[in-house]
Amino acid sequence: MALLLLLGVHFVAHHFIAAGGLRDFNQVMAYLSNPIIIALELGFLVSVTIHALLGVRSILFDLGLDARWEKNVTWALTALGALTLAYGVWLLYTILQTGSALAMWTR
Numbered sequence: 048m049a050l051l052l053l054l055g056v057h058f059v060a061h062h063f064i065a066a067g068g069l070r071d072f073n074q075v076m077a078y079l080s081n082p083i084i085i086a087l088e089l090g091f092l093v094s095v096t097i098h099a100l101l102g103v104r105s106i107l108f109d110l111g112l113d114a115r116w117e118k119n120v121t122w123a124l125t126a127l128g129a130l131t132l133a134y135g136v137w138l139l140y141t142i143l144q145t146g147s148a149l150a151m152w153t154r
């Protein structure tokens with residue numbers, strides 16, 4: 048349910064409110080200057096990552112992957128999820144660092 052809520056907020060904020068359906072760099076920086084938006088975007092990233100990796104895990108075992116691989120597959124997907132989240136957080140931080148949105152955080 049949280050994923051649907053965050054997806055709705057994401058689509059409305061990024062594609063329905065912005066002129067032409069997309070934001071330019073300055074609009075993105077203004078959007079990300081709100082800490083609540085940053086929390087929502089990070090929540091969306093976490094939700095989508097978990098949902099996607101649990102889906103891949105389910106598909107692998109539904110297609111007949113032997114149960115003895117369950118522990119290894121779970122650890123591999125957990126590691127992939129951690130790397131994905133780390134990259135997403137790093138990317139968000141880098142975007143904020145290049146613009147003025149981070150200025151309010153460093154004061």
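The working numbering numbers the first residue of the sequence shown as 48 and each following residue consecutively.
Backbone N, C-alpha and C define an ideal beta-carbon position, used for all residues, glycine too.
Nearest candidate by alpha-carbon position, reference residue i, set the options
i, options, result
"Ile-83", "Leu-107, Val-103, Val-56", "Val-56"
"Gly-146", "Leu-79, Phe-63, Leu-92, Phe-58", "Leu-79"
"Ala-123", "Val-103, Asn-73, Ala-86, Ile-64", "Val-103"
Residues near residue i in its chain [Cβ-Cβ closer than 7 Å; skip 5 each side]
i, result
"Leu-107", "Val-120"
"Gly-90", "Leu-53"
Buried/exposed call for residue i, threshold 16 Cβ in 10 Å
i, result
"Leu-69", "exposed"
Beta-carbon contacts of residue i that lie in its chain and below 6 Å, excluding the five residues immediately before and after
i, result
"Tyr-140", "none"
How about the region 90-100 and the region 124-135: do they share at least three Cβ pairs that are nearer than 8 Å? Put simply, the region 90-100 touches the region 124-135. At least three CB pairs are less than 8 Å apart.
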